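Just so it is clear: in the sequence shown, position 38 is 38 by the UniProt record's numbering, and no numbers are missing. Notes for the one structure printed next.
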Amino acid sequence: MAALYLPSFHGGSVLVVTVTATNEVVGQHNNVDVVVVVEDFTNTDVEETETTDATTKSIVSTRLLKKDKSNKKDKSNSNKKKMKRAKKQKSSKTNSPTVTSSPTVTPPPLSDGELTFPKQVFAVLQPNSVQEDEKNNSYGIPDTTNLHFHGGHISGEEPSDDIYIHVRPGDKYEYTSKFPENHMPGTHWSHPHVHGSSTLQVGGGAAFAIIVPDDPNVIEIPQEVTDATDILLVVQDFRNLTNSVASTSRDEKFELVINPDVNGGDQFRLVNGKYRPNLTIIPGEWYRFRTIYAGWLKDNLDLQIVSADDDDDIDNTVRPCETILLAKDGIYIKDYPRPIDIFPLPAGGRADIMVRCPTEGSFIAKHYTAEEDLFTITSKLPKGQKKIKMSPGPTIGFVWDFPAYLTDLQEETTEPGCDCTTKLSRREDLAFVVNDRQFAADSYLHTVSYGDVAERTLTGLAKHTYHQHVYPFQVQTGFDNATTNEGGYWKNGDWQDSIKADLQNTITMKYRPIVFSGKIMLHCHILTHEDTGMMSQERVVFNNDTSGNGQCTCDYTYDYIDI
């Protein structure tokens with residue numbers, strides 16, 4: 001699935017996504033094309049886009065429906081309407097090198113609970129019926145799909161961001177996810193998350209962006225950020241390893257064929273579905289690079305911008321452009337502006353980077369450690385403009401207004417049983433495990449009492465990418481010097497949902513569940529590890545919850561309870 005820039009929505013909106021798996025026969029095996037219909041219940045018109053690539057096909061239709069009683073009728077009619085290819089449109093605010101964006105919509109936020117409508121369930125499999133598929137912790141069921149809203153602070157229960165939903169060929173399922181009214185604006189993405197076929201489907205390119213836009217009526221934003229042009233950059237891995245995954249799961253469609261006439265070999269990365277595209281910018285102006293590493297491999301994306309003339313000199317210390325970290329994993333950092341040279345995005349991670357190149361010239365955005373060019377940047381004045389006009393510098397000392405679920409926890413203490421260890425590792429039998437156990441859909445690893453602060457010691461981060469659903473976490477310890485924090489990208493006090501620190505194997509983090517109860521999936525985002533067992537789940541329980549007496553517990557396996 002090619003990366004798409006979806007029309008944005010605000011916190012407080014209800015996002016409805018319908019996934020339909022269509023059946024195609026290749027040889028003796030069925031393959032799945034996934035049709036995704038996205039609906040944001042706000043008051044605006046309909047826009048549609050369609051994209052096709054060589055291996056997968058997706059149609060993304062955005063239907064922004066009026067908030068009135070006609071919703072059901074409009075939605076029913078839209079589901080029956082034949083989807084048409086839309087004319088490409090350029091957003092006045094977006095200058096993407098390869099993807100034409102749908103217009104960004106900015107409706108007023110909706111109040112919590114303002115919208116209600118019946119869900120339409122066509123194909124649902126809860127854990128007690130999917131264990132047969134998942135019990136072996138191996139590659140399989142390539143024709144089954146679903147969606148995970150990576151980074152969304154939304155419920156992990158059906159009909160929302162529930163990985164146990166399985167959509168098989170010929171079936172469809174309507175996701176309904178309520179983004180809280182105080183959801184932090186930021187950059188997120190979505191991808192399939194069926195245990196056993198995540199590698200195959202994400203490695204085949206299935207991903208799209210989800211942007212929660214800034215609302216000046218809710219959160220104040222520095223002027224240079226407001227004025228900056230958004231650049232959406234979705235970076236994806238393609239590697240010949242998917243051939244072995246395809247062979248194991250008996251899915252011929254996703255085998256890679258190496259073209260000897262094209263450079264890149266058996267491993268390469270695409271940016272917005274293109275190989276080494278070019279981006280044209282205006283010198284002196286600020287740009288907001290909304291960077292999504294829609295990755296599944298082990299190496300971080302060490303993003304760096306260098307001069308094209310000095311591309312071969314990896315030790316070059318003269319940087320042609322200002323690069324300032326604004327946000328990580330869709331959450332603003334508290335000490336903006338934070339100048340950084342190299343951005344080590346882990347698989348699944350996002351970084352919003354403020355970029356300003358003061359001169360004309362040619363530059364290269366590259367993967368520093370892999371010495372791989374990702375895309376080129378051409379900085380030149382528009383026709384008729386003779387002098388460079390420098391935009392004002394970054395705002396110093398800006399203070400963000402964070403929502404309640406992102407309250408600073410560095411001075412908060414934990415209740416007994418709420419501080420647990422989560423270890424990502426590989427056993428002597430070579431099994432990928434969390435706390436020495438492979439994934440079991442019918443049990444929980446830890447529990448946390450609703451409203452209490454949970455502290456986790458994460459270990460194994462030098463080799464594995466930890467990702468947590470539903471609730472982002474705040475780093476507490478681990479990045480106390482310039483070596484472990486890799487030039488300032490990792491920092492105690494930052495919030496994120498994905499982390500792999502090459503120079504720091506163990507950290508502590510905290511989060512406080514105050515919005516959603518139920519399960520929180522956690523796993524390695526090196527998806528070959530996740531598919532083969534390195535996944536687990538925590539559960540947020542209430543004080544009157546008899547399964548755990550509403551208390552925090554560590555390393556205690558509870559039976560799965562459908563809540």
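Cβ coordinates follow ideal geometry from the N, Cα and C atoms, glycine included. Remember, predicted model here, so these are calculated numbers, not experimental data.
Own chain residues within Cβ distance below 8 Å of residue i, not counting five before or after
i: Q496; result: K328, D329, I331, G349, P472, F473 and V475
i: C554; result: G417, D419, C420, T421 and H446
i: L503; result: A462, T483, T484 and E486
i: T116; result: Residue placement at T116 is flagged as unreliable, the pLDDT there being 23, under the threshold of 50; the coordinate-derived value follows with that caveat. Cβ neighbours of T116 beyond the five flanking positions: none.
i: A308; result: G361, S362, F363, I364 and T376
i: I388; result: P283, G284, P358, T359, E360 and L381
i: D480; result: N492
Nearest neighbour of residue i, chosen from the options [CA to CA]
i: K510; options: R427, L406, F479 and E181; result: L406
i: A206; options: G186, T187, E220 and Q236; result: Q236
i: D531; options: L270, I305 and A431; result: A431
i: D214; options: F208, A228 and G204; result: A228
i: F402; options: I333, P320 and N492; result: I333
i: S517; options: K491, G451, F479 and L325; result: G451
i: E174; options: V14, K387 and F363; result: V14
i: A423; options: K491, P344, C524 and I396; result: The question names Ala, yet the displayed sequence has Lys at residue 423. The shortest Cα separation from K423 among K491, P344, C524 and I396 belongs to C524.
i: K172; options: P159, H183, I210 and E181; result: P159
i: F343; options: D162, T187 and Y293; result: Y293
i: K281; options: F238, P358 and N272; result: It is worth fixing the name first, because residue 281 is Ile in this sequence and not Lys. Comparing Cα-Cα distances from I281 to each of F238, P358 and N272, the minimum goes to P358.
i: V271; options: D335, V218, R239 and V234; result: V234
i: P18; options: N136, H183, P142 and D161; result: For the record, residue 18 in the displayed sequence is Thr; it is not Pro. Taking only the C-alpha atoms, the option nearest T18 is D161.
i: P185; options: I507, I210, T457 and H467; result: I210
i: T199; options: E428, R437 and D143; result: D143
i: I396; options: K383, D335 and T226; result: D335
Bridge-paired residues (DSSP) for residue i
i: L233; result: T291
i: V212; result: G186
i: G361; result: S379
i: R427; result: According to DSSP, R427 bridges with nothing at all.
i: C420; result: R456
i: T447; result: R539 and T553
i: R338; result: L325
i: D480; result: According to DSSP, D480 bridges with nothing at all.
i: A351; result: T291 and K328
i: V14; result: K178
i: T518; result: Checking the displayed sequence, the identity of residue 518 turns out to be Gly instead of Thr. Answer is V540, bridged to G518.
i: V399; result: DSSP, once it has assigned bridges, lists no residue as partnering V399.
i: W490; result: The partner list for W490 (beta bridge, DSSP) is empty, contrary to what the question assumes.
i: S307; result: F363
i: M534; result: Answer is none; M534 lacks a bridge partner.
Cβ pair residue i, residue j closer than 9 Å
i: G284; j: I520; result: no
i: W286; j: M354; result: yes
i: T145; j: S190; result: no
i: Y291; j: A351; result: Correcting the residue type first, residue 291 is Thr in the shown sequence and not Tyr. Contact flag set, yes.
i: F375; j: P513; result: no
i: F179; j: G152; result: yes
i: I526; j: L297; result: yes
i: I305; j: A370; result: no
i: S391; j: E224; result: yes
i: Q410; j: G493; result: yes
i: L279; j: I377; result: yes
i: V194; j: H150; result: no
i: R288; j: I231; result: yes
i: V470; j: M534; result: no
i: N182; j: F439; result: no
i: T465; j: T508; result: no
i: R269; j: H188; result: no
i: P394; j: K500; result: no
Within-9 Å CB hit, residue i to chain C
i: N182; result: Here chain C cannot be found, since the structure has a single protein chain.
Neighbourhood of residue i by C-beta distance below 7 Å, restricted to the same chain and skipping five residues each side
i: Q201; result: T145 and P192
i: G550; result: S449, V541, F542, N543 and N544
i: R338; result: I324, L325 and G488
i: G460; result: K423, L424, S425 and N505
Contact test: residue i Cβ vs the ligand FAD heavy atom, cutoff 8 Å
i: Y175; result: In the structure shown, the ligand FAD is absent, as is every other ligand, since no ligand is present at all.
Neighbourhood of residue i by C-beta, 6 Å cutoff - its chain only, sequence neighbours within 5 removed
i: T414; result: V453 and E455
i: A412; result: Residue 412 is actually Glu in this sequence, not Ala. So the qualifying residues of the chain are V453.
i: I221; result: D214
i: Q267; result: R239
i: residue 570; result: The shown model of the chain, from 1 to 563, leaves out residue 570, and the question about it has no answer.
i: R356; result: W286 and E322
i: L303; result: F343
i: R437; result: none
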